[in-house]
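S.K.:
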């Protein structure tokens, strides 16, 4: 009881609601019998209600007892709601508010007669024409299913269906989809109870609040360019939105590369149900990662194209067998295209045989011979089971450039797998399948194969001729021919090759030295010239041309044969007319393109060989070659001479061809020799600058290495380059414009300092 | 690869007197600095004059003669025989010989340092003769290719070849030099790699390698004269599939 004080004074005595003396020991609360008298007694619901009822009874009794005025009560009563007689009474409100009894009804519910129920009747879709029906069509592209309402034909696999008309079906065909007689998708179970039937529709643009728990993570709709937002659109291009920028692509791919959530594509390729899986992935994430392994990787382009077409997404990145499929900036799961799922594996059609006994115009014997050859052939590659075969087509095409028959080792794969691979290769690399024996694929190039690198026709012919005429001694006899002055006079200025010509032209015979030409080719060139000079005067340019052309046209054949070839050619022309002089240049011109002339030349050589019998063999020692007499090597020889003089190099004398002796000498010499220059990588900026300033016919390397020759310290060279930089910049441009982007940080600092 | 610089076509036109005897005495025209000047032929073909350095990697001495690791040396020997170039000079720890293929001067080199130190001879040699990086052709043995298969590559890695690693290191860490890879095949089973490399070839392999070297010479000649073009690709393809023909 509060003590009344004159002035309101806070009473600081502690109020003790529990009437527990403070000094008393406290016992534990739970299940302690002794503590019962100290625990608060909570009133049960029944007790509370009894209390309420008691109070009301007493109140109403009090009110009856305390009626003051009949009039006031009447007025009060009259002021209340008026109800005429016969009004049905409304259900009494429960005396305890909130308690439901049989007399109270849920205030929200109403009489069924007054309820507003709208049942939406499903009208037939105006888009579907009445003629379109569910059905199976077996066409050129295999088996496909028509379902009304779907824009394209449905198939079991969109990438792996062979593009051949099947010849039969193993079983009577059926539509592998569920029945279309009910609005809900067929699950094989009873319909869900009404409480569970209504699932909240998933709208991709309405994300759950970020803090909400127990909700699966959903990625926000696609990356939007600044100033754009998600839009509810229906058409494919609109959903895709603007093409993605490179940074966006990079971001998306990086986020997805390491994710373990992926779809696998195997030997059946893009199946119909996979479309639904892709949309399920897109419900939660923007990018769907698809990993392709096995047969479908042979033609990744087709896979990509089909994916984009059927799903409406875009392949943003693909490497090897992995594809990343982006859903579109404005993709909404709610507006996705709905297809019926394939609930059963459809009928397997029978396709015509892949390998015929005598394929494509070959006779049986030819095919048999090919198969026999193929058994001994080494396969070009081995395929791993469920591997990635993206470069198989290219490899096979390359191999067909060289060989007619190609064999691929498919040991370890399923038989159906390697047959499928074979079928794909047949279409992509246009080729002919010969056999599948011993788990290998044997293919033939086919008659009309388009070569990517056109081969010279001389290859086979040359080989033939070289077998016939293999005389290495032709050059020396012809050398004597050089002596004819008539031709030599014609040989005038042209090339560096003139050097050779001059030696030929010199009337001095017995030039062993002359024979000590750089290489057999040049000497043969001389031979040609000399030979020509013998029979007919030709313009020097033409002669030189032959020599010159010959060098460039040189191919895999041995050097000796070439001379024969050219000589024969000339001989042929000689045997012709005087006009052959004119004909020659033309023929020589064409020689470049058409090496087949070579074989004619070969013939001529043999003729000539018979002719020239009285040739002095004095200068026959081809063996002795100093090898450096052409002017083109002049510079090198000069450098060598300097090296020898400077003590860096030593010329070995005699026949010290023994490797051990050479090694010993090299070791001994290197100990005394001064260290050589250090090779420096040509710097780009210095190169550019030097190119600009100095005439372009200087060797790039020379410029760069010369100033740095002998500099063993990299720092000094870098300083040199910095200096070059500075000069270059001051001449041309100011730094910062960035024309030469190789300016290092420290150089930049130096420039700016 | 064709660095076709158009020098003035009249710059290299000598009028040699017809009565000059001494072959060794070449008159070097003073203007003849332009090593890389191209000389347009009447047909319009331009040929490079920048010298090529062709190096074969191998171990010196008779002990290692004919082993797998020394196929580079054998290739150089073949080229020198074919082109008539004598290897008779020792410079910078290598046995070198100067010559030319057509109009292009070449420098053949066989480093006499052991394989792991080949770079010590190649680097200074290239620097001394001022051979640009793109004209250094290294011939070496490649285990990734089957026996006898050649490949001309414009650039590449070292493929765990110690000699090539050393050469790359001494060429200032550059990988962009062409190479002639001569295939020797993988060691069989679990054979030690080093033992395999220092073995000599078997009889059949020897025949294959000899045939390959013949083909290789032609390819090198073509490369030196024309650079990397479609004929090189054809050559590579031909080599890759040469054993797949029946």
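Residue numbers (UniProt numbering), protein chains in the order written: chain Z, 1 to 753; chain W, 1 to 246. Backbone N, C-alpha and C define an ideal beta-carbon position, used for all residues, glycine too.
(1) At a Cβ cut of 8 Å, what residues of the region 169–188 of chain W count as close to chain Z, listed as they run along the chain?
(2) Output, in sequence order along the chain, the residues in the region 662–683 of chain Z whose CB is closer than 8 Å to any CB in chain W.
(3) Kindly indicate if chain W contains any beta-carbon less than 8 Å away from that of residue 633 of chain Z.
(4) Measuring CB atoms only, is the region 276–291 of chain Z touching the region 306–325 of chain Z, in the sense that at least three cross pairs come out at less than 8 Å?
(5) Of all the options Z:329, Z:175, Z:225, which has the alpha carbon lying nearest to the alpha carbon of residue 237 of chain Z?
(6) In whole angstroms, give me the CA-to-CA distance for residue 277 of chain Z and residue 270 of chain Z.
(7) Give me the Cβ distance between residue 57 of chain W and residue 111 of chain W, rounded to the nearest whole Å; I'm assuming they're in contact under 8 Å.
(8) Look at residue 152 of chain W and residue 171 of chain W and say whether their C-beta atoms are less than 8 Å apart.
(9) For chain W, check one thing: does any of its Cβ atoms lie closer than 8 Å to the Cβ of residue 519 of chain Z?
(10) Determine, using beta-carbon pairs with one atom in the region 255–275 of chain Z and one in the region 229–245 of chain Z, whether at least three such pairs fall under 8 Å.
(11) Which one of W:208, W:246, W:70, W:122 has the shortest CA to CA distance from residue 197 of chain W?
(12) Work out the CA separation of residue 398 of chain Z and residue 235 of chain W for me, nearest whole Å.
(13) What whole-angstrom Cβ distance do residue 183 of chain W and residue 145 of chain W have, given they're in contact under 8 Å?
(14) Grab the span of the alpha helix (DSSP H) containing residue 62 of chain W for me, first residue to last.
(15) How far does the beta strand (DSSP E) with residue 432 of chain Z in it extend, from its first residue to its last?
(16) In angstroms with no decimal places, state the Cα-to-Cα distance between residue 55 of chain Z and residue 190 of chain Z.
(17) Rounded to whole angstroms, what's the CA-CA distance from residue 307 of chain Z to residue 314 of chain Z? Just pull it up for me.
(18) So is residue 208 of chain W in contact with chain Z if we call contact Cβ pairs under 8 Å?
(19) Taking the CB atoms as reference points, tell me whether residue 362 of chain Z and residue 423 of chain Z lie closer together than 8 Å.
(20) Return the bridge partner residues of residue 287 of chain Z from the DSSP annotation.
(21) Determine the DSSP secondary structure at residue 129 of chain W, reduced to helix, strand or coil.
(22) Since I believe residue 402 of chain Z is in contact with residue 237 of chain W (beta carbons under 8 Å), could you give me their beta-carbon distance rounded to a whole number of angstroms?
(23) In the DSSP assignment, find the unbroken alpha helix (DSSP H) run with residue 50 of chain Z in it and report its ends.
(24) Just reading off the beta strand (DSSP E) that residue 212 of chain W is part of, what are its end residues?
(25) Could you check which residue in Z:275, Z:359, Z:392, Z:220 has the C-alpha nearest to that of residue 321 of chain Z?
(26) Between residue 167 of chain W and residue 377 of chain Z, is the Cβ-Cβ spacing less than 8 Å?
(27) Three Cβ pairs or more, each shorter than 8 Å: is that satisfied between the region 663–683 of chain Z and the region 124–132 of chain W?
(28) Given that a residue counts as buried once 16 or more other Cβ atoms are within 10 Å of its Cβ, and exposed if not, what is residue 389 of chain Z?
(29) Considering only residues of the same chain and omitting the five flanking positions on each side of residue 193 of chain W, which have a CB-CB separation below 8 Å?
(30) Can you name the residues of chain Z whose CB is closer than 7 Å to the CB of residue 112 of chain W?
(31) Give me the Cα-Cα distance between residue 404 of chain Z and residue 417 of chain Z, rounded to the nearest whole angstrom.
(32) Going by alpha carbons, who is nearest to residue 63 of chain W out of W:228, W:225, W:200, W:215?
(33) How would you label residue 19 of chain W, buried or exposed, when you count the other beta carbons within 10 angstroms and need 16 or more for buried?
(34) Compute the distance between the beta-carbons of residue 400 of chain Z and residue 334 of chain Z, then report whether it is under 8 Å.
(35) Just checking: is the beta-carbon of residue 140 of chain W within a distance shorter than 8 Å of some beta-carbon in chain Z?
(36) With contact counted as at least three CB pairs below 8 Å, one residue from each stretch, are the region 172–182 of chain Z and the region 293–310 of chain Z in contact?
M.R.: Judging by the given coordinates:
(1) For the region 169–188 of chain W, the residues whose beta carbon sits under 8 Å from a beta carbon of chain Z are, in order, 170, 171, 172, 173, 174.
(2) Among the residues of the region 662–683 of chain Z, those with a Cβ less than 8 Å away from any Cβ of chain W are 662, 663, 665, 666, 667, 669, 670, 673, 675, 676, 677, 678, 679, 680, 681, 682, in the order of the chain.
(3) Looking up residue 633 of chain Z in the first chain gives position 633. With 8 Å as the cut-off, residue 633 of chain Z counts as an interface residue toward chain W.
(4) Here the region 276–291 of chain Z lies against the region 306–325 of chain Z, with 3 or more beta-carbon pairs under 8 Å apart.
(5) Taking the first chain and counting its residues from 1, one reaches residue 237 of chain Z at position 237. Closest option to residue 237 of chain Z, Cα to Cα, is Z:329.
(6) Taking the first chain and counting its residues from 1, the one referred to as residue 277 of chain Z is at position 277. Taking the first chain and counting its residues from 1, the one referred to as residue 270 of chain Z is at position 270. Approximately 11 Å between the Cα atoms of the pair.
(7) As a working note, residue 57 of chain W is residue 57 in the second chain. As a working note, residue 111 of chain W is residue 111 in the second chain. Indeed they touch by this definition, with Cβ atoms about 7 Å apart.
(8) As a working note, residue 152 of chain W is residue 152 in the second chain. As a working note, residue 171 of chain W is residue 171 in the second chain. For residue 152 of chain W and residue 171 of chain W, no; Cβs fall outside 8 Å.
(9) On the first chain, position 519 is the one that residue 519 of chain Z refers to. Note on residue 519 of chain Z: pLDDT 40, under 50, position unreliable in the model; no value is reported.
(10) Output reads no: the region 229–245 of chain Z does not touch the region 255–275 of chain Z.
(11) For the purposes of this step, residue 197 of chain W is taken as residue 197 along the second chain, with counting starting at 1. Of the listed residues, the one whose Cα sits closest to residue 197 of chain W is W:70.
(12) Within the second chain, residue 235 of chain W is the residue found at index 235, counting from 1. Within the first chain, residue 398 of chain Z is the residue found at index 398, counting from 1. Their backbone Cα atoms lie some 12 Å apart in a straight line.
(13) Along the second chain, one-based indexing puts residue 183 of chain W at 183. Along the second chain, one-based indexing puts residue 145 of chain W at 145. Yes, residue 183 of chain W and residue 145 of chain W are in contact; Cβ-Cβ is about 3 Å, under 8 Å.
(14) Here the question's residue 62 of chain W lines up with position 62 in the second chain. Boundaries cannot be given for residue 62 of chain W, as no alpha helix (DSSP H) includes it and DSSP labels it neither H nor E.
(15) Start at 1 with the first residue of the first chain, and residue 432 of chain Z comes out as number 432. Note, residue 432 of chain Z: beta strand (DSSP E), 432–435.
(16) Start at 1 with the first residue of the first chain, and residue 55 of chain Z comes out as number 55. Start at 1 with the first residue of the first chain, and residue 190 of chain Z comes out as number 190. Taking the straight line from one Cα to the other gives about 55 Å.
(17) Counting from one through the first chain, the residue named residue 307 of chain Z turns up at place 307. Counting from one through the first chain, the residue named residue 314 of chain Z turns up at place 314. In a straight line, the C-alpha of residue 307 of chain Z is about 8 Å away from that of residue 314 of chain Z.
(18) On the second chain, residue 208 of chain W is found 208 positions in, with the first residue counted as 1. Not one chain Z Cβ lies under 8 Å of residue 208 of chain W.
(19) Numbered from 1 along the first chain, position 362 holds the residue referred to as residue 362 of chain Z. Numbered from 1 along the first chain, position 423 holds the residue referred to as residue 423 of chain Z. No, these two residues do not count as a Cβ contact at 8 Å.
(20) By 1-based counting over the first chain, the position of residue 287 of chain Z is 287. When beta bridges are read from the DSSP output, residue 287 of chain Z appears opposite Z:326.
(21) Within the second chain, numbered from 1, the residue matching residue 129 of chain W stands at position 129. In this structure, residue 129 of chain W counts as coil in the three-state DSSP scheme.
(22) In the second chain, residue 237 of chain W corresponds to position 237, counting from 1. In the first chain, residue 402 of chain Z corresponds to position 402, counting from 1. Contact between residue 237 of chain W and residue 402 of chain Z holds: their C-beta atoms lie close to 6 Å from each other, under 8 Å.
(23) Sequence index remark: in the first chain, residue 50 of chain Z carries index 50 (1-based). Run containing residue 50 of chain Z: 45–65, per the alpha helix (DSSP H) assignment.
(24) Indexing the second chain from 1 puts residue 212 of chain W at position 212. Taken as a continuous stretch (DSSP letters only), residue 212 of chain W belongs to no beta strand (DSSP E), being part of the alpha helix (DSSP H) at 203–226.
(25) Here the question's residue 321 of chain Z lines up with position 321 in the first chain. For residue 321 of chain Z, the closest C-alpha among the options Z:275, Z:359, Z:392, Z:220 is that of Z:392.
(26) Along the second chain, read from residue 1 onward, the residue named residue 167 of chain W stands at position 167. Along the first chain, read from residue 1 onward, the residue named residue 377 of chain Z stands at position 377. The Cβ atoms of residue 167 of chain W and residue 377 of chain Z lie no closer than 8 Å to each other.
(27) Touching, per the Cβ criterion.
(28) Sequence index remark: in the first chain, residue 389 of chain Z carries index 389 (1-based). Answer is buried; the Cβ neighbour count reaches 16.
(29) Your numbering for residue 193 of chain W matches position 193 in the second chain. Taken in chain order, the residues that qualify are 143, 187.
(30) Position 112 of the second chain, counting from 1, holds the residue named residue 112 of chain W. 662, 663, 666, listed in chain order.
(31) Along the first chain, read from residue 1 onward, the residue named residue 404 of chain Z stands at position 404. Along the first chain, read from residue 1 onward, the residue named residue 417 of chain Z stands at position 417. Inter-residue distance for residue 404 of chain Z and residue 417 of chain Z is about 24 Å (C-alpha atoms, whole angstroms).
(32) The residue labelled residue 63 of chain W in the question sits at position 63 within the second chain. Taking the Cα of residue 63 of chain W as reference, the smallest distance to any Cα among W:228, W:225, W:200, W:215 is reached at W:200.
(33) On the second chain, residue 19 of chain W is found 19 positions in, with the first residue counted as 1. Note on residue 19 of chain W: pLDDT 44, under 50, position unreliable in the model; the coordinate value appears next. That one is exposed.
(34) Residue mapping note: residue 400 of chain Z aligns to position 400 of the first chain, counting from 1. Residue mapping note: residue 334 of chain Z aligns to position 334 of the first chain, counting from 1. Not a contact, by the Cβ cut-off of 8 Å.
(35) The residue given as residue 140 of chain W occupies position 140 in the second chain. No, because no Cβ of chain Z sits closer than 8 Å to the Cβ of residue 140 of chain W.
(36) Three or more beta-carbon pairs separated by less than 8 Å are not found between the region 172–182 of chain Z and the region 293–310 of chain Z, which leaves the two stretches without contact.
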